[in-house]
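In what follows, a structure is listed as structure tokens, so that the remarks can point back to it.
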Amino acid sequence: MSSSLISAKGKHPGESVVGFRRHEPGTQPEYFYPAYRATRLRAPSQPLILLPHTLSEVTGPVFGHSDIRPNDQDLTVQHAGEPLGERIIVRGRVVDGDGHAVSNSLIEIWQANAAGRYAHAKDDHPAALDPNFTGTGRTLTDKDGFYTFVTIKPGAYPWRNHDNAWRPAHIHFSLFGPAFVTRLITQMYFPGDPLFTYDPILQSIPDERARQRLVSKFDLETTKPEWALGYRFDIVLRGRESTPFQG
Amino acid sequence: MDLTPTPSQTVGPYLHLGLTDARSISRIAGDGVKGERVWLTFHVVDGDRVPVADAMVELWQAGSEGNYAHQDSSADGAAFRGFGRLATSEDGSCTFETIRPGCVPGPSETLQAPHFSVSILGRGLLNRLSTRVYFAGEPANAADPVLTLVPENRRATLLAQLDPARTSHWIFDVRLRGDGETVFFDV
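These protein sequences, in sequence, are chains A and B. Okay, so the first sequence: first residue is 49 according to our numbering, each after it adds one. Okay, so the second sequence: first residue is 77 according to our numbering, each after it adds one.
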């Protein structure tokens, strides 16, 4: 954290603000991507207006231990019994674009159960609900940026985007990072899923290498003997401009 | 390690499970927080003017004196953290209770008019959409360094309007696409 941000409360007009770097072309999804049908009526038609970063963009909400409850990071112990499915450990490190740890930062996840069904009133996929699985987790990164969740491997599920459409198995991730502009909501996928090439949500990211960053890796180091397979999912949030511009 | 930022993906239709069922924040300013108390209602519609019933709105704002509760350890669990989030209901709306933010420093010794930084997330939004909400009739709007970047004929899309029926209630329409489309920013 740079000192200019720590002193943000005492800022006076004219003091410089350290902005965040913009994304490289092709590394983020298109807004309008007709193969993903819902974008046709929801993506803006006008070009976005470039907003130079001010204090409003380089600051962001702070979360802490008061936001986390005891079983929030283990989705397999939130009910009376064990959920059905393959128990897994998802672990990773959150860093910024310069490789610096993003510490004490809120991560929220949600997902379908092993049968591919969400514990959500609007999910009408005819697969079993699991009374022992809600599919909601929350944690803070540690001082080195690491996080760990224990959960169940989610199932693939059908959706009505196109004929015979199926979402690859995924876990939704929500992160804040240090600023309004570092907010990230994404999805983590599992290695080798045959549904990747048919999924317009993943394919909406033009750059193949960027798409691969959403695929977790099997990780023997995270795997616990006779208990659970481990997957590694590292996340990179935007990094800061190297020099402050006179804001 | 590749340090290109991780790509965004949509929150999807079941965002409530992870983000709002137990984790909504509709009251941004608790009891005793200094400032003019206001209510801000969002109405989100799509390109066919149909209410978006499965979106989420997040707000980030300064306090009444223009300070952000940023990286301040006292913000953990405090009465004012400057952050709120709500899912839209069946009619595409959600309402926050908060205080009117103060003026925040802008570039080159300017002052920004009171505003909220807003994210709109939802099914069909592969990236979050960012916009700002200003108050209609606020004299400081004329010199706001961000509003003046916006073509004049689209600025009104960033103004919340006072609800004539209810004291201190403001309404902000979000039109995701098409005629009268809300201005969204590349932040």
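C-beta: ideal position from N, C-alpha, C; glycine also.
One thing to note: glycine 74 of chain A has its Cβ no nearer than 8 angstroms to the Cβ of proline 239 of chain A. With the rule of 3 Cβ pairs closer than 8 angstroms, the region 224-244 of chain B does not count as touching the region 95-103 of chain B.
When DSSP reads this structure, phenylalanine 248 of chain B sits in a beta bridge with B:Phe118. Under the DSSP definition of a beta bridge, isoleucine 253 of chain A lacks any partner. Proline 81 of chain B sits away from threonine 234 of chain A, with the two beta carbons spaced by 8 angstroms or more.
At a cut-off of 8 angstroms, the C-beta of tyrosine 195 of chain A has no neighbouring C-beta in chain B.
Under a criterion of Cβ atoms nearer than 9 angstroms, the residues of chain B adjacent to aspartate 171 of chain A are, in order, Pro89 and Tyr90.
Secondary structure note for serine 104 of chain A: it is in no beta strand (DSSP E), and the uninterrupted alpha helix (DSSP H) holding it is 103-106. Counted as a single uninterrupted DSSP element, the alpha helix (DSSP H) harbouring threonine 87 of chain A occupies residues 87-90.
Our two residues, tyrosine 144 of chain B and alanine 258 of chain A, have alpha carbons roughly 33 angstroms apart in a direct line. Linking glycine 147 of chain A to proline 226 of chain A through their CA atoms gives a straight-line distance of about 14 angstroms.
Leucine 268 of chain A sits exposed, since fewer than 16 C-beta atoms from the chains shown fall within 10 Å of its C-beta.
Taking 8 angstroms as the threshold, the shortest C-beta distance from phenylalanine 181 of chain A to chain B does not fall below it. When Cβ-Cβ separations below 8 angstroms define contact, proline 100 of chain A makes contact with chain B. Residue state for glutamine 260 of chain A is assigned as helix, using DSSP reduced to three classes. With a beta-carbon spacing of about 11 angstroms, valine 259 of chain B and leucine 235 of chain B fall beyond the 8 angstroms limit used to define contacts. Taking the beta carbon of threonine 184 of chain A as reference, the chain B residues within 7 angstroms of it are Leu93 and Gly94, listed in sequence order.
The closest CA to that of glycine 178 of chain B, considering only B:Asn217, B:Ala163, B:Ile247 and B:Glu134, is found on B:Asn217. From the listed residues A:Asp241, A:Tyr79, A:Tyr195 and A:Leu89, the smallest Cα separation to isoleucine 155 of chain A is found for A:Tyr195. Neighbours of glutamate 78 of chain A in chain B, taken as residues whose beta carbon is under 9 angstroms from its own, are Leu202 and Asn203 in chain order. Burial is judged here by how many other beta carbons sit within 10 angstroms of a residue's own beta carbon; alanine 219 of chain B has fewer than 16 and is exposed. Counting only Cβ-Cβ distances below 8 angstroms, arginine 157 of chain B has contacts in chain A at Pro109 and Val110, in chain order. In terms of Cβ geometry, leucine 95 of chain B and serine 153 of chain A do not form a close pair [threshold 8 angstroms].
Against threonine 86 of chain B, the close residues of chain A are Ile249, in the order they occur along the chain (beta-carbon pairs closer than 7 angstroms).
Under DSSP, aspartate 167 of chain B takes part in no beta bridge, so it has no partner.
With respect to arginine 176 of chain B, valine 126 of chain B sits apart: the two C-beta atoms are not nearer than 8 angstroms.
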